[in-house]
Amino acid sequence: MPGNNHKPWCSCGWCCKERGQKNILGISNSYNSIPTPKILTTTQLGKSRTYPTECPWRCGETVYYHTNGNGDTVYLDWLGSPWEIHGCFERYWQQEQERRKLLGSLSEYQHIMTRGVDERKNRERLLHGAIDSIEGAVTEETIASSMGLRGKSELRKYYGELYQPIEFSKDDWDKEVYRAINKGEDLQFDLTLGFRDAIFGCEKTIRIQHLEVSSNSNVVPTIKTLRVNVPVGVDSGTRLRVVGEGDVSRSNGDPGDLYICLTVLLTEEGFRREGTNIFSELIITTEEASQGAKVDVLTIHGEEKLRLPKQTSNGKCFVLKGRGVRKLASPTERGDHIVQVKFK
């Protein structure tokens, strides 16, 4: 089987330089509507087997089962180039990679379908370990962050059965967990913003591909155009959440959300941004520095007057309070503009 046809996360033994290559994609899409099948396995290492069988998932198609004799198995749609992997198996493998990432307990040399662990106990250990590692207030958000999960919805999806916040009744919490489990997948879109677009806010048009329900009730990929309002004062690393614009649920739950991850340009001619502060240089004459002067300083908000004291030294910095970037979490506050004087 030619290795260039395999996915980056494949660990079949044919294309990987090392057995048990770890997933390099991170968390992939999960398909909760596909049940765990009874996968055929080989117990005799070194014995390769390939034969036609029926897909153990719900599709029921005729597929080819193959094991390479090293404990790795795969289902193929047909034999020979391009050795196309059966879609149900591909989705199951994505789910298995996600499970391994969350559990972090299987040996990388184990058979990819081997359970061999008490998943509930492992998840309990991970959850308790994450809570114990948190300094300060313990919230679902802080737990999710410490576990590398994308917010409390993902925490509830994988760990909700292990805890119940005190503000929820048992019935309400069961509904929340059910909603999280059956929710469509969240999507991520990377967006780069210009210097002033990030500082003053803007509206951007983006195109995303996500799953929607077609007119004949099939789930199909669709290109959608969205107009997104970017708030004032965003910075690199800011994530904007657009509710309900992720993939549709495959089990009639709520749709996922769209997360827009921002990268911000931090320089413009004459200006440099650090957080909510703006930095610039002001060129003055030695006479102005010696005698003192009232000069105009260009800020991102326009010109401001700055009074230079007598005997101003080369490289001295002056602070224009509140003439920087508006704080995202506190719209009534702004950073400062710091001006460094330089002699001609």
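Last residue of the sequence shown: 343 in numbering that gives the first Met the number 0, with the numbers rising by one and none dropped.
Heads up, the beta-carbon is just placed ideally off N, CA and C, and yes, glycines get one too.
Taking C-beta to C-beta, are residue i and residue j nearer than 8 Å?
| i | j | result |
| --- | --- | --- |
| K182 | G255 | yes |
| R333 | V324 | yes |
| R226 | T204 | yes |
Helix, strand or coil for residue i per DSSP?
| i | result |
| --- | --- |
| K320 | coil |
| L281 | strand |
| N181 | helix |
| I130 | helix |
| V233 | coil |
| E286 | helix |
| M112 | Confidence at M112 is low in this model, with a pLDDT of 38, below 50, so the placement of that residue is unreliable and no value is reported for it. |
| L265 | coil |
| D295 | strand |
| F270 | strand |
| Q339 | strand |
| K223 | strand |
How many angstroms separate the CA atom of residue i from the CA atom of residue j?
| i | j | result |
| --- | --- | --- |
| G150 | I180 | 14 Å |
| I133 | Y258 | 25 Å |
| D196 | G135 | 35 Å |
| P34 | G245 | Bear in mind that the predicted position of P34 carries a pLDDT of just 37, short of 50, making it too unreliable to give a figure here. |
| T141 | T52 | 46 Å |
| W172 | S216 | 30 Å |
| I353 | L126 | Limits of the chain in this structure are 0 at one end and 343 at the other, which puts residue 353 out of reach. |
| Y64 | E97 | 23 Å |
| Y290 | P308 | According to the sequence displayed, residue 290 carries Gln and not Tyr. Roughly 8 Å between the two C-alpha positions. |
Output the boundary residues of the beta strand (DSSP E) element that contains residue i.
| i | result |
| --- | --- |
| D256 | Where D256 is concerned, there is no enclosing beta strand (DSSP E), given that its DSSP letter is neither H nor E. |
| D189 | L186 to L192 |
| E303 | G301 to L307 |
So does residue i have its beta carbon nearer than 7 Å to some heavy atom of the ligand NAP?
| i | result |
| --- | --- |
| R122 | Looking for the ligand NAP in the displayed structure turns up nothing, as the structure carries no ligands at all. |
Between which two residues does the alpha helix (DSSP H) containing residue i stretch?
| i | result |
| --- | --- |
| T138 | Where T138 is concerned, there is no enclosing alpha helix (DSSP H), given that its DSSP letter is neither H nor E. |
| L154 | G150 to Y158 |
Quick one: any contact between the region 143 to 162 and the region 213 to 230, if contact means 3 or more CB pairs under 8 Å?
-> no
Would you check if the region 244 to 258 and the region 268 to 284 touch, i.e. whether three or more CB-CB distances between them fall below 8 Å?
-> no
Are three or more beta carbon pairs between the region 276 to 283 and the region 205 to 225 nearer than 8 Å?
-> no
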